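K.L.:
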Amino acid sequence: MRFLLSSISIGVAASFMSSCGEVRTSKVMQEQHDSRPVYVRIPTSLLTKEWVQTTGFNRDHAKNNDYAIGWLPSTILTQLSFDERSEIKKLDELAVTEGRLNPFTLETTRTMVDPPTALEDYHNYKAMTDELHRLADSYPEIARLTSLGKSVQGRDIWMMTISDHVDLDEGEPELLYVANMHGDEVVGRELSIYHIRRLLGEYGVRARTTNLVNQSKMFIVASMNPDGFEMHQRYSATNTDLNRNFPDFTSDDHDNSTGRAVETKAIMDLHASHHFIAAVNFHGGEVCFNLPWDTKENATAAEKFADDAVLFPMGRAWADSNPTMAANSSFDRGLTYGYEWYEVNGGMQDWSIFYRQSMHATVELSYTKWPDASYLTTAWAENKEAMFAYHERALTGIHLEVVDNQGLKVPSFEVRIDSSTRGLNYTNGVAHRATSNGAQRVSILVAGRSVAQVTVAARMFDGNYDRVVVAH
Ligand SMILES: [Zn+2]
56 MRFLLSSISI
66 GVAASFMSSC
76 GEVRTSKVMQ
86 EQHDSRPVYV
96 RIPTSLLTKE
106 WVQTTGFNRD
116 HAKNNDYAIG
126 WLPSTILTQL
136 SFDERSEIKK
146 LDELAVTEGR
156 LNPFTLETTR
166 TMVDPPTALE
176 DYHNYKAMTD
186 ELHRLADSYP
196 EIARLTSLGK
206 SVQGRDIWMM
216 TISDHVDLDE
226 GEPELLYVAN
236 MHGDEVVGRE
246 LSIYHIRRLL
256 GEYGVRARTT
266 NLVNQSKMFI
276 VASMNPDGFE
286 MHQRYSATNT
296 DLNRNFPDFT
306 SDDHDNSTGR
316 AVETKAIMDL
326 HASHHFIAAV
336 NFHGGEVCFN
346 LPWDTKENAT
356 AAEKFADDAV
366 LFPMGRAWAD
376 SNPTMAANSS
386 FDRGLTYGYE
396 WYEVNGGMQD
406 WSIFYRQSMH
416 ATVELSYTKW
426 PDASYLTTAW
436 AENKEAMFAY
446 HERALTGIHL
456 EVVDNQGLKV
466 PSFEVRIDSS
476 TRGLNYTNGV
486 AHRATSNGAQ
496 RVSILVAGRS
506 VAQVTVAARM
516 FDGNYDRVVV
526 AH
């Protein structure tokens, strides 16, 4: 296969190849703002790492051995040679998104003659806003609706917070679910609304739900990219791919939101004031559970995410409980490590783990990004147990109250466990950490110095803490 890098404009190639991470990032952002990228199918034989970096090809989710689907900057596409262009097929993105065109075979599928009746249609921005307000107003004791800020086009990025004593910081474990950061991947947005309804509606009615609301705090962002949804497109209104817009720890050592999309900044700011014990962000275009890392290899135990021993079984459980996911033989029964699928730089998942000590995974909910609304019934049936089980597993681990010998809460400390290579930082005398089952050997450090070692049994949080007294 002949592919001439020299045919690409020198200016763009030079900026991608720059050794300076900041320059590269700003040039890529500039590129993203210039014009809407073109949705294409290209042979995987073209897809060297160098080709991807040089062209700025942004790969889409769907997995296929022969072809990759994704976006090329329109300026790049026009500069390829005739031979190169003939290998690359432009696609009708909306037809693919709605499942009317198979991007690999280029076959068009007929719309269903008699689709099953939808439970309800997708919530557009107005309908979603009204529904979230209605829910928050109906359950004022346990639900609080806030805006993380405005999108480019002035829409609120809504977040529903759910807990008993929702306005207090009780030190309970905090979890985050984010959906619809890609504007045309819409199933997670609806499942988020359904999940909110269930958490609120079943509170005080079902013991399992009541327990989760009482013992933790749930943060749910149904749409991180409300403009993209209204525009029926992946990108934000500035043509920014929000899941490529976060600081990338392998090339950008500045955890800085300056110059990033307002939607990205909203999520970064949220993490500045919360330590999410576990998180999920929802996508579409495949059906799988995607583990970190996306940005680097996960080949050896040393390369894997330090809490892989905790997160992997959580992912396995999610995939096993979803019949469509478990049957996805493109992956390991629906489970994959991100990089081994395809490399993503600047994704939210890796950023929140590396820079914010979270435990964050990516869940792909539907082969068709924007399926007929009748599919939502199936999607909910296949994921509603997993959404609860993931939450419960995240609450299972060690729950410490760390005080000094006067009984005062230690303001700042680190928790290490024998089964993980990462230490996590906590404030205000309370620590929650998801772990494997069984006894955990725990070290508490203050200012880098070990001040206590204890063995505590992992358990689901029930409001009680294991008290550790440290001399420091
Ligand atoms: Zn996505």
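Going from the sequence shown to our numbering is simple: count from 1 and add 55.
Cβ atoms here follow ideal geometry from the backbone N, Cα and C, with glycine treated the same way.
Keep in mind it's a predicted model, so treat the numbers as computed, not measured.
Which of helix, strand or coil does DSSP assign to M279?
P.N.:
Within the sequence shown, numbered from 1, the residue matching residue 279 stands at position 224. Reduced to three states, the DSSP call for M279 is coil.
K.L.:
Just to check, is the beta-carbon of M236 closer than 8 Å to a non-hydrogen atom of ligand 1?
P.N.:
The sequence position of residue 236 within the sequence shown is 181, counting from 1. Flag set: Cβ of M236 near ligand 1.
K.L.:
Ligand 1 heavy atoms versus the CB of H338: any closer than 8 Å?
P.N.:
The sequence position of residue 338 within the sequence shown is 283, counting from 1. It does: the Cβ of H338 is within 8 Å (strictly closer) of some heavy atom of ligand 1.
K.L.:
Determine which residues share a DSSP beta bridge with D192 and list them.
P.N.:
Counting from one through the sequence shown, the residue named residue 192 turns up at place 137. Beta-bridge pairing links D192 to no other residue.
K.L.:
Roughly how many whole angstroms lie between the Cα atoms of L254 and L267?
P.N.:
Numbered from its first residue, the sequence shown carries residue 254 at position 199. Numbered from its first residue, the sequence shown carries residue 267 at position 212. Each residue's Cα considered, the two are about 8 Å apart.
K.L.:
Taking all protein chains shown into account, do 16 or more other C-beta atoms lie within 10 angstroms of the C-beta of K145, making it buried, or fewer, making it exposed?
P.N.:
Within the sequence shown, numbered from 1, the residue matching residue 145 stands at position 90. Classification of K145: exposed, given that the 10 Å Cβ count is below 16.
K.L.:
For N269, I'd like the list of residues in its chain whose CB is within less than 6 Å of its CB, leaving aside the five on either flank, ordered along the chain.
P.N.:
Within the sequence shown, the letter at position 214 stands for residue 269. If we look at N269 and ignore the five residues flanking it on each side, its Cβ neighbours are D219.
K.L.:
Between V535 and F337, which are expected to be in contact by the criterion C-beta below 8 Å, what is the C-beta distance as a whole number of angstroms?
P.N.:
The question about residue 535 has no answer here: the residues shown for the chain are numbered 56 through 527.
K.L.:
Per the DSSP calculation, M273 is bridged to which residue(s)?
P.N.:
Here residue 273 is taken as the residue at index 218 of the sequence shown, counted from 1. Beta-bridge pairing links M273 to I217 and L230.
K.L.:
For S247, which three-state DSSP category applies?
P.N.:
On the sequence shown, residue 247 is found 192 positions in, with the first residue counted as 1. The answer is helix: DSSP assigns S247 an H, G or I state.
K.L.:
Taking the alpha-carbon positions, what's the K82 to M323 distance?
P.N.:
Counting from one through the sequence shown, the residue named residue 82 turns up at place 27. Counting from one through the sequence shown, the residue named residue 323 turns up at place 268. Residue confidence for K82 is low, a pLDDT of 39 falling below 50, so the modelled location carries little weight; the figure read from the coordinates is stated next. So the two alpha carbons sit approximately 21 Å from each other.
K.L.:
Are V470 and L463 closer than 9 Å when you measure CB to CB?
P.N.:
Your numbering for residue 470 matches position 415 in the sequence shown. Your numbering for residue 463 matches position 408 in the sequence shown. Not closer than 9 Å, so no.
K.L.:
For the candidate residues A416, F274, P281 and S491, whose alpha-carbon lies nearest to that of H237?
P.N.:
Taking the first residue of the sequence shown as position 1, residue 237 is located at position 182. Here the closest residue by C-alpha is P281.
K.L.:
Could you check what DSSP says for Q404 in three-state terms: helix, strand or coil?
P.N.:
If you number the sequence shown from 1, residue 404 lands on position 349. It is helical.
K.L.:
Okay, do the segment 439-459 and the segment 364-380 touch, 3+ Cβ pairs below 8 Å being the bar?
P.N.:
The segment 439-459 vs the segment 364-380: in contact.
K.L.:
When every heavy atom of ligand 1 is checked, does at least one fall within less than 8 Å of the C-beta of N266?
P.N.:
The count along the sequence shown starts at 1 and reaches residue 266 at position 211. Not so, every heavy atom of ligand 1 lies at least 8 Å from the Cβ.
K.L.:
Mind checking S202: buried by the 16 CB within 10 Å criterion, or exposed?
P.N.:
Residue 202 sits at position 147 when you count from the first residue of the sequence shown. So S202 counts as exposed.
K.L.:
Would you kindly report the start and end of the unbroken beta strand (DSSP E) that includes Y94?
P.N.:
As a first step, residue 94 is located in the sequence shown; it is residue number 39 there, counting from the start. Segment V93 to P98, the beta strand (DSSP E) holding Y94.
K.L.:
Excluding the 5 residues flanking V276 on each side, which residues of the same chain have their C-beta closer than 6 Å to its C-beta?
P.N.:
Taking the first residue of the sequence shown as 1, we reach residue 276 at position 221. Excluding sequence neighbours, V276 sits near M214 and V233.
K.L.:
Quick one: Cα of T227 to Cα of I251, how far?
P.N.:
Position 172 of the sequence shown holds residue 227. Position 196 of the sequence shown holds residue 251. Note that residue 227 is Glu in the sequence shown here, rather than Thr. Approximately 19 Å between the Cα atoms of the pair.
K.L.:
Following the continuous beta strand (DSSP E) through R371, name the residue where it begins and the one where it ends.
P.N.:
The count along the sequence shown starts at 1 and reaches residue 371 at position 316. That residue, R371, is in no beta strand (DSSP E); its alpha helix (DSSP H) goes D363 to S376.
K.L.:
Tell me S421's beta-bridge partners as DSSP assigns them.
P.N.:
Position 366 of the sequence shown holds residue 421. According to DSSP, which records beta bridges pairwise, S421 is partnered with E341.
K.L.:
Find the nearest neighbour of S421 within the set E358, K118 and D517, judged by alpha-carbon distance.
P.N.:
Counted from its first residue, the sequence shown places residue 421 at position 366. It is K118.
K.L.:
Can you give me the C-alpha to C-alpha distance between C75 and V207, rounded to a whole angstrom?
P.N.:
Numbered from its first residue, the sequence shown carries residue 75 at position 20. Numbered from its first residue, the sequence shown carries residue 207 at position 152. Confidence at C75 is low in this model, with a pLDDT of 38, below 50, so the placement of that residue is unreliable and no value is reported for it.
K.L.:
Where do the N-terminal and C-terminal ends of the alpha helix (DSSP H) with F443 fall, by residue?
P.N.:
Position 388 of the sequence shown, counting from 1, holds the residue named residue 443. Per DSSP, F443 belongs to the alpha helix (DSSP H) from Y430 to A449.
K.L.:
Would you check whether ligand 1 has a heavy atom nearer than 8 Å to the C-beta of H116?
P.N.:
Taking the first residue of the sequence shown as position 1, residue 116 is located at position 61. It does: the Cβ of H116 is within 8 Å (strictly closer) of some heavy atom of ligand 1.
K.L.:
Are Y445 and A262 closer than 9 Å when you measure CB to CB?
P.N.:
The residue given as residue 445 occupies position 390 in the sequence shown. The residue given as residue 262 occupies position 207 in the sequence shown. Contact: no.
K.L.:
Using a Cβ-Cβ cutoff of less than 6 Å, which residues in the same chain neighbour L102 once the five nearest sequence positions on both sides are dropped?
P.N.:
Taking the first residue of the sequence shown as position 1, residue 102 is located at position 47. Answer for L102: A123, listed in chain order.
K.L.:
What is the DSSP secondary structure of D185, counted as helix, strand or coil?
P.N.:
Position 130 of the sequence shown, counting from 1, holds the residue named residue 185. Three-state DSSP puts D185 in a helix.
K.L.:
Given a threshold of 16 other Cβ atoms within 10 Å of its Cβ, counted over all protein chains shown, does N438 qualify as buried or as exposed?
P.N.:
Sequence index remark: in the sequence shown, residue 438 carries index 383 (1-based). N438 comes out buried.
K.L.:
List the endpoints of the continuous alpha helix (DSSP H) containing W396.
P.N.:
Taking the first residue of the sequence shown as position 1, residue 396 is located at position 341. Here the alpha helix (DSSP H) through W396 covers G393 to W396.
K.L.:
DSSP beta-bridge partners for E456?
P.N.:
Here residue 456 is taken as the residue at index 401 of the sequence shown, counted from 1. V485 and R522, per the DSSP bridge assignment.
K.L.:
Thinking I538 and V524 are a contact (beta carbons under 8 Å), I'd like their distance in whole angstroms, please.
P.N.:
A question about residue 538 goes unanswered here, because the residues of the chain that appear run from 56 up to 527.
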